[in-house]
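For any residue, its number in this note's numbering is found by taking its place in the sequence shown, counting from 1, and adding 870.
Note that beta-carbon positions come from the ideal geometry of N, C-alpha and C, so glycine has one too.
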Amino acid sequence: MCVNALDYSGYRDCRPDYIQAIQQVLRLGTRQGREGEAISISTPLIELNKTEIIKLGNNWRVPSEKT
């Protein structure tokens, strides 16, 4: 799954501040995080608009009919 900030009105968990808060929870609330090896959340599409996402998918030959 990939989040995008443009979806935040319908999906509150797509906001950058939400992702940052969850990252903090993972750092503080897990054994891995406490030992300095926290789970990392990657959001490569969070700041892209829909056109940019489609272009990127086309460049990577993503089969859009399966997404």
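Residue i to residue j span [Cα, whole Å]
i, j, result
"L918", "S912", "14 Å"
"N928", "E922", "10 Å"
"G880", "V873", "12 Å"
"S934", "R897", "34 Å"
"T900", "P914", "24 Å"
Boundaries of the alpha helix (DSSP H) in which residue i is found, first to last residue
i, result
"N929", "920-929"
"R904", "901-904"
Exposed unless 16 or more other CB atoms sit within 10 angstroms - verdict on residue i
i, result
"V895", "exposed"
Test: residue i CB closer than 8 Å to a CB of chain C
i, result
"P914", "This model lacks chain C altogether, as it is built from one protein chain only."
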